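Each residue of the sequence shown is one higher than the one before, counting from 82 in this note's numbering.
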Amino acid sequence: MIIKETANIKNKKFISVSEAFAMSSVDGPGIRVIVFFQGCFINCAWCHSPHSKPSCSPLLFYEQSCSICMRCQTCKQNVHVFKDGKHILHREFCLQCGKCIDECPNSSVYKESGTLKLPTKKVTAQSLLLQLLPHISLCDGITLSGGEALLQDDTTAFLRLCKDKGIHTCVETSGLLESDCYAKALPFVDVWLFGLRVLTNNNSDFHTKKLIPNAQLIKNASKTIIPVIPLIPGVMDRDEVLAEMLLVLNVIDSDEIQLNPWNIFYDVYYKALGIETTFLKPVDKAIKQCEAKVRKFFKGKGYKLTNRKEDKK
Ligand code: SF4
Ligand code: SF4
82 MIIKETANIK NKKFISVSEA FAMSSVDGPG IRVIVFFQGC FINCAWCHSP HSKPSCSPLL
142 FYEQSCSICM RCQTCKQNVH VFKDGKHILH REFCLQCGKC IDECPNSSVY KESGTLKLPT
202 KKVTAQSLLL QLLPHISLCD GITLSGGEAL LQDDTTAFLR LCKDKGIHTC VETSGLLESD
262 CYAKALPFVD VWLFGLRVLT NNNSDFHTKK LIPNAQLIKN ASKTIIPVIP LIPGVMDRDE
322 VLAEMLLVLN VIDSDEIQLN PWNIFYDVYY KALGIETTFL KPVDKAIKQC EAKVRKFFKG
382 KGYKLTNRKE DKK
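Structure follows, in structure tokens:
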């Protein structure tokens with residue numbers, strides 16, 4: 082669904098979101114509306130949504146659907162340059178005015194897909210809820226994902242509005258934010274999808290010391306935590322990493338673990354941003370081996386495992 086922008090940067094009170102989808106069956110209990118918030122500083126090497134890291138996404142360009150008609154040269158900033166039949170973008174000059182999208186025959190601000198896209202919308206908390214309400218009314222609740230939704234000041238205000246309407250709320254997080262972020266939102270969140278990001282790249286230090294107190298904080302408030310393991314081949318399937326996850330799981334005290342499969346479209350947004358990927362794309366065999374090893378390890382410890390893309394009924 083398209084979120085309509087209702088705030089401008091001069092308003093201090095707004096939320097930056099990219100996309101929202103209704104009827105998701107893999108993002109929390111039941112069928113849900115999921116909305117993706119902008120902004121994240123965690124820098125996981127395997128992040129598949131690099132456009133959601135800044136508070137506002139740069140212009141996305143999907144080269145395969147560009148017909149090289151050059152109409153986007155309407156841009157006064159000279160962002161769109163054509164050389165030897167190639168369309169080159171100088172995003173550093175982009176002012177995000179959207180005029181090139183208006184001119185492009187293959188793009189529209191009213192479409193999810195298109196050759197050119199400015200995904201970030203600034204909305205007030207009230208407006209975001211009003212726009213999503215018709216869809217939420219057909220679902221079991223709403224899930225806030227990202228980016229890291231809780232990094233934005235007005236996210237708690239949005240969650241409070243949801244609770245005032247009796248909406249079931251779920252927040253997906255890396256578990257790696259400062260504890261204040263969790264403490265503020267706690268009263269307004271029913272379920273937490275809590276990432277077991279004990280590492281954020283191949284050689285990073287373990288983040289267990291951050292994850293454990295944050296998980297403890299949420300548990301102390303008697304809230305439900307669903308632990309989520311991103312299946313990153315060569316990282317999350319290492320023996321020492323599995324052992325660290327177990328330390329966090331002991332605090333979470335859940336019978337269920339959700340597995341987040343490797344995203345085979347990992348590099349799509351990197352291409353659309355014109356930047357290099359930060360993690361070597363794993364081969365199919367490594368992806369399968371990673372899932373098999375993680376499943377075997379946690380099954381052996383008595384956990385019920387579900388694959389977020391396949392197992393959920
Ligand atoms: S959004 Fe505006 S400034 Fe940016 S490339 Fe398009 S026309 Fe140029
Ligand atoms: S207007 Fe659209 S289709 Fe035409 S060259 Fe620009 S991006 Fe490509």
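C-beta: ideal position from N, C-alpha, C; glycine also. Source: prediction; values computed, not measured.
Are the Cβ atoms of residue i and residue j separated by less than 7 Å?
i	j	result
Phe379	Thr205	no
Thr32	Ile123	Outside the shown range of the chain, which is 82 to 394, sits residue 32, and nothing can be said about it.
Glu321	Lys203	no
Cys178	Cys153	no
Gly228	Gln119	yes
Asp149	His168	Strictly speaking, residue 149 in this sequence is Ile, with Asp absent from that position. Contact: yes.
Leu292	Ile338	no
Asn283	Val316	yes
Leu240	Phe275	no
Ala296	Ile333	yes
Leu197	Ser208	no
Where does residue i sit, in a helix, a strand or coil, going by DSSP?
i	result
Leu340	strand
Ala264	helix
Phe174	helix
Asn283	coil
Tyr384	coil
Leu258	coil
Leu141	strand
Thr236	helix
Val364	coil
Pro294	helix
Glu86	coil
Val349	helix
Cys181	helix
Phe122	coil
Met151	coil
Ile169	strand
Phe95	coil
Lys198	strand
Ser105	strand
Thr427	Nothing can be reported for residue 427, as the shown portion of the chain is limited to 82 through 394.
Asn132	Checking the sequence shown, residue 132 turns out to be His, not Asn. His132: helix per DSSP, three-state reduction.
Cys156	coil
Give every residue of the same chain whose Cβ lies closer than 8 Å to the Cβ of residue i, excluding the five residues on either side of it in the sequence, and list them in chain order.
i	result
Ile223	Arg113, Val114, Ile115, Val116, Leu213, Ile217, Cys243, Ile248, His249, Thr250 and Cys251
Tyr347	Trp127, His129, Thr358, Phe360 and Lys362
Asp40	There is no way to answer for residue 40, as the model of the chain reaches only from 82 to 394.
Leu199	Ser138, Leu140, Leu141, Gln177, Gly179, Ile182 and Val190
Within the same chain, show all residues whose beta-carbon is closer than 6 Å to that of residue i, passing over the 5 residues directly before and after it, in chain order.
i	result
Ile48	Only positions 82 to 394 of the chain appear in this structure, which leaves residue 48 out of reach.
Asp318	Cys371, Lys374 and Val375
Leu210	Leu242
Phe287	Val279 and Glu325
Ile368	Pro314 and Trp343
Cys262	Leu231
Pro311	Asn341
My understanding is that residue i touches residue j, with C-beta atoms under 8 Å, so please give their C-beta distance in whole angstroms.
i	j	result
Pro131	Leu354	6 Å
Leu231	Ala266	6 Å
Thr236	Cys137	That pair is no contact at about 16 Å.
Ser226	Glu253	4 Å
Ser260	Pro294	6 Å
Leu277	Val329	6 Å
Asp146	Ser99	As written in the sequence, residue 146 is Ser, which differs from the Asp given in the question. Not confirmed; about 19 Å, so no contact.
Can you name, in chain order, every residue of its own chain whose Cβ lies under 7 Å from the Cβ of residue i, other than the five neighbours on each side?
i	result
Lys390	Val107 and Pro342
Asn388	Leu340 and Pro342
Phe174	Gln158, Asn159 and Val160
Gln233	Ile96, Ser97, Phe118 and Gly120
Val349	none
Met104	Ile112 and Cys220
Asn89	Lys203
Below 8 Å, can you find three or more Cβ-Cβ pairs linking the region 367 to 375 to the region 155 to 166?
-> No, the region 367 to 375 is not in contact with the region 155 to 166.
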